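Working notes, structure below.
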Amino acid sequence: MRGKKILDKLTPYQQGKQMKEIKEAYGLERIVKLSSNENPYGYSSTIKAYFKENPIDFNIYPDGYSTELRKAIAEKCEVEEDQIIFGSGSEEIVQMLSRAFLYSGANVIMPTPSFPQYKHNALIEGADIKEVPTVDGHHDLDSMLKAIDDQTNVMWLCSPNNPTGSVIEKELLYDFLDICPQHVVVALDEAYYEYMEEEEDPQAIKLLSRYPNLIILRTFSKAYGLAGLRIGYGLANPELIRKLDVIRGPFNTTSIAQKAAQMAIEDEIFMKETYSKNLSVRKSFEAFLDDLGWGYIPSQTNFLLVSTPVSGMEVFQHLIERGYIVRPGELLGCPQTIRMTLGTEEDMETLKNVLRNYNEQLKKELSL
1 MRGKKILDKL TPYQQGKQMK EIKEAYGLER IVKLSSNENP YGYSSTIKAY FKENPIDFNI
61 YPDGYSTELR KAIAEKCEVE EDQIIFGSGS EEIVQMLSRA FLYSGANVIM PTPSFPQYKH
121 NALIEGADIK EVPTVDGHHD LDSMLKAIDD QTNVMWLCSP NNPTGSVIEK ELLYDFLDIC
181 PQHVVVALDE AYYEYMEEEE DPQAIKLLSR YPNLIILRTF SKAYGLAGLR IGYGLANPEL
241 IRKLDVIRGP FNTTSIAQKA AQMAIEDEIF MKETYSKNLS VRKSFEAFLD DLGWGYIPSQ
301 TNFLLVSTPV SGMEVFQHLI ERGYIVRPGE LLGCPQTIRM TLGTEEDMET LKNVLRNYNE
361 QLKKELSL
């Protein structure tokens, strides 16, 4: 076989153990999964009710244009229908952008740490990688601009950033786009957009008419609670969208995903409830961490990157044995941290007790 040589150096995505395995391994009856930033409140009840009464014809191909969902998003986001592209999660659009604009000799600039698929897909396409470290969890936009050269084709911005949870301030984003050369595609990943507080919203959609090189990525996997259906979308000028549509598979989103996403975006009550609950839990848990003496990066998402007194792997192991799955920072490029999804109020209150006892245990061990 004569595949790309880079494939021998990369590894497939390795998911964690499934909950059934963890229960059996540690003799647990219940697991609280706080590792994948899923919505602990589920998804809109209107979706469940609809599919109970309206089964899908699985033998029929889906609408390759996503017509009804396209109309709903165009109306909500106040864009034209030809400014939208759909993917199997926004992650597939990351792949489309890499395939369309990256190749041997081109380079891509990205923050680090950030979403690992930016780098993964760029390497597969043979592009050179320029990683710019974040500063206190925030994008170093000045250094990212300085890294641009004639071969730079794509610039990744992730706001709110995964795994740090930080956002790019509105004024800084606008200044950045003013300076960034037009030949560079600026991909602004807003996967956690719906969790941002209003005053933090840069209203990037309003910039699409001013910057033809800007594309905004969003998903239904996080706040909308449709991670299992894999559907996301991108917003950009029609010319950029047309190039991506050449890459896009003709039936890359399913009928179920399209219909569920359409109903999800129309259920504003569920979204307001999700936002409100998440905000309340986040503020409460941040206050708890302050009292505990554990640091964290202020977040505008449904997760927190928490500094730990010992390695993140050690904290991960302690918590998983007690039924809580978090993400050790060592796997994210953030040593001695854990990234934890914000669960329900009840689950987070129980977790507080677990961490409080663990912290006392660590104090005793470290004082010996």
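If you read the sequence shown in full-length UniProt numbering, its first letter stands for residue 1, the second for the next number, and so on. C-beta atoms are modelled at their ideal positions from N, C-alpha and C, and glycine is treated no differently. The model shown is predicted, which means the values in this text are computed figures rather than measured ones.
Cα-Cα separation between Gln117 and Leu188, rounded to whole angstroms: Translated into positions along the sequence shown, residue 117 becomes position 117. Translated into positions along the sequence shown, residue 188 becomes position 188. The alpha-carbon atoms of Gln117 and Leu188 are separated by roughly 14 angstroms.
Going by alpha carbons, who is nearest to Thr344 out of Asp8, Val32, Gly27, Lys4? Position 344 of the sequence shown, counted from the start, is the residue given in the question as residue 344. Thr344 has its Cα closest to that of Val32, out of Asp8, Val32, Gly27, Lys4.
Quick one: grab the DSSP three-state call for Thr274. Your numbering for residue 274 matches position 274 in the sequence shown. In the structure shown, Thr274 sits in a helix (DSSP, three-state: H, G or I).
Just checking, does the region 42-49 make contact with the region 188-206 on the three C-beta pairs under 8 angstroms criterion? Counting C-beta pairs with one atom in each stretch, the region 42-49 and the region 188-206 have fewer than three that are closer than 8 angstroms, which means they do not touch.
Go through the region 1-32 residue by residue and report every complete run of the beta strand (DSSP E) that reaches 3 residues or more, in order. Entirely contained in the region 1-32, not one beta strand (DSSP E) run reaches 3 residues.
Report yes or no: do three or more beta-carbon pairs, one from the region 293-312 and one from the region 239-253, lie closer than 8 angstroms? no
Write down the C-beta distance between Ser88 and Ile231 rounded to the nearest angstrom, noting that I regard them as a contact closer than 8 angstroms. The count along the sequence shown starts at 1 and reaches residue 88 at position 88. The count along the sequence shown starts at 1 and reaches residue 231 at position 231. That belief holds up - the Cβ atoms of Ser88 and Ile231 are roughly 7 angstroms apart, short of 8 angstroms.
Kindly confirm or deny that the region 83-98 and the region 209-228 touch, where touching means at least three C-beta pairs closer than 8 angstroms. yes
Thr67: which of Phe288, Gln317, Phe251, Met313 sits nearest, CA to CA? Numbered from its first residue, the sequence shown carries residue 67 at position 67. The shortest Cα separation from Thr67 among Phe288, Gln317, Phe251, Met313 belongs to Phe251.
Curious, which full-length beta strand (DSSP E) runs of at least 3 residues does the region 183-260 contain? 185-189, 214-219, 232-236
Should Glu125 and Leu157 be called a contact, given that it needs their Cβ atoms to be closer than 8 angstroms? Here residue 125 refers to the residue found at position 125 when the sequence shown is read from its first residue. Here residue 157 refers to the residue found at position 157 when the sequence shown is read from its first residue. Not a contact, by the Cβ cut-off of 8 angstroms.
Whole-angstrom Cβ separation of Val326 and Ser104, contact assumed at under 8 angstroms? For the purposes of this step, residue 326 is taken as residue 326 along the sequence shown, with counting starting at 1. For the purposes of this step, residue 104 is taken as residue 104 along the sequence shown, with counting starting at 1. Not quite, the Cβ-Cβ distance comes to about 38 angstroms (not below 8 angstroms), so this is no contact.
Specify whether the region 264-280 and the region 161-177 touch according to this definition: at least 3 beta carbon pairs, one from each stretch, less than 8 angstroms apart. no
If Thr341 sits next to Glu38, beta carbons under 8 angstroms apart, how far is it from one beta carbon to the other, in whole angstroms? Locating residue 341 in the sequence shown gives position 341, where the first residue counts as 1. Locating residue 38 in the sequence shown gives position 38, where the first residue counts as 1. 7 angstroms between Cβ atoms; contact.
Any beta carbon from chain B within less than 8 angstroms of Phe101's own beta carbon? Looking for chain B here will not work: only one protein chain is present.
Helix, strand or coil for Tyr358, going by three-state DSSP, please let me know. Here residue 358 refers to the residue found at position 358 when the sequence shown is read from its first residue. Tyr358 falls in the helix class under three-state DSSP.
Apart from the five residues on each side of it in sequence, which residues of its chain come closer than 6 angstroms, Cβ to Cβ, to Met19? Against the sequence shown, residue 19 aligns to sequence position 19. If we look at Met19 and ignore the five residues flanking it on each side, its Cβ neighbours are Ile31.
Just verifying my parser: in three-state terms, what is the DSSP assignment at Ser98? By one-based count along the sequence shown, residue 98 stands at place 98. Reduced to three states, the DSSP call for Ser98 is helix.
Rounded straight-line distance, which links the Cα of Ile129 to that of Ser367: Counting from one through the sequence shown, the residue named residue 367 turns up at place 367. Counting from one through the sequence shown, the residue named residue 129 turns up at place 129. Rounded to whole angstroms, Ser367 to Ile129 spans 44 angstroms at the Cα level.
Cβ-Cβ separation, Gly137 to Thr301 (assumed contact under 8 angstroms), whole Å: Reading the sequence shown from its first residue, position 301 is the one you call residue 301. Reading the sequence shown from its first residue, position 137 is the one you call residue 137. About 12 angstroms separates the CB atoms of Thr301 and Gly137; that is not less than 8 angstroms, and the two are not in contact.
Residue range of the alpha helix (DSSP H) that includes Asn121: Counted from its first residue, the sequence shown places residue 121 at position 121. Here the alpha helix (DSSP H) through Asn121 covers 117-124.
Please identify the residue among Leu214, Pro133, Leu240 whose C-alpha is closest to the C-alpha of Cys334. Reading the sequence shown from its first residue, position 334 is the one you call residue 334. Check the Cα spacing between Cys334 and each of Leu214, Pro133, Leu240: the tightest is with Pro133.
Give a yes or no on whether the C-beta atoms belonging to Pro212 and Asn237 are separated by under 8 angstroms. Residue mapping note: residue 212 aligns to position 212 of the sequence shown, counting from 1. Residue mapping note: residue 237 aligns to position 237 of the sequence shown, counting from 1. Going by C-beta atoms, Pro212 is nearer than 8 angstroms to Asn237.
Grouping DSSP H, G and I as helix and E and B as strand, with all else coil, what is Arg282? Residue mapping note: residue 282 aligns to position 282 of the sequence shown, counting from 1. If DSSP states are grouped into helix, strand and coil, Arg282 belongs with the helices.
Inspect the beta-carbon positions of Cys77 and Leu235 and report whether they are closer than 8 angstroms. Looking up residue 77 in the sequence shown gives position 77. Looking up residue 235 in the sequence shown gives position 235. Yes. Within cutoff.
Let me make sure I understand the geometry here. Which of Leu289, Ser311, Lys206, Tyr26 has the alpha-carbon closest to that of Asn353? As a working mapping, residue 353 is identified with position 353 in the sequence shown. Cα-wise, what sits closest to Asn353 is Leu289.
Could you check what DSSP says for Tyr324 in three-state terms: helix, strand or coil? As a working mapping, residue 324 is identified with position 324 in the sequence shown. Strand at Tyr324.
May I ask which residues mark the beginning and end of the alpha helix (DSSP H) holding Cys77? Working through the sequence shown from its first residue, we reach residue 77 at position 77. Run containing Cys77: 67-77, per the alpha helix (DSSP H) assignment.
Whole angstroms are fine: how far does the CA of His139 sit from the CA of Leu319? In the sequence shown, residue 319 corresponds to position 319, counting from 1. In the sequence shown, residue 139 corresponds to position 139, counting from 1. Distance between the alpha carbons of Leu319 and His139 is about 30 angstroms.
Could you tell me whether the Cβ atoms of Phe115 and Asn153 are closer together than 8 angstroms? As a first step, residue 115 is located in the sequence shown; it is residue number 115 there, counting from the start. As a first step, residue 153 is located in the sequence shown; it is residue number 153 there, counting from the start. It is not a contact, given that the beta carbons lie outside the stated cut-off.
For the alpha helix (DSSP H) that contains Ser166, what are its first and last residues? As a first step, residue 166 is located in the sequence shown; it is residue number 166 there, counting from the start. Element bounds for Ser166: n/a, residue is neither H nor E.
Whole-Å CB distance - Tyr193 paired with Asn278, under 8 angstroms assumed: Locating residue 193 in the sequence shown gives position 193, counting from the first residue. Locating residue 278 in the sequence shown gives position 278, counting from the first residue. So it is not a contact: roughly 13 angstroms between Cβ atoms.
Alpha-carbon to alpha-carbon, Thr112 and Asn359: By 1-based counting over the sequence shown, the position of residue 359 is 359. By 1-based counting over the sequence shown, the position of residue 112 is 112. About 29 angstroms.
Evaluate Pro160 with the Cβ neighbour count: other Cβ atoms within 10 Å of its Cβ, from every protein chain shown; 16 or more gives buried, anything less gives exposed. Taking the first residue of the sequence shown as position 1, residue 160 is located at position 160. Flag for Pro160 reads buried.
I need the straight-line Cα distance from Ile85 to Leu362, nearest angstrom please. In the sequence shown, the residue the question calls residue 85 occupies position 85. In the sequence shown, the residue the question calls residue 362 occupies position 362. About 50 angstroms.
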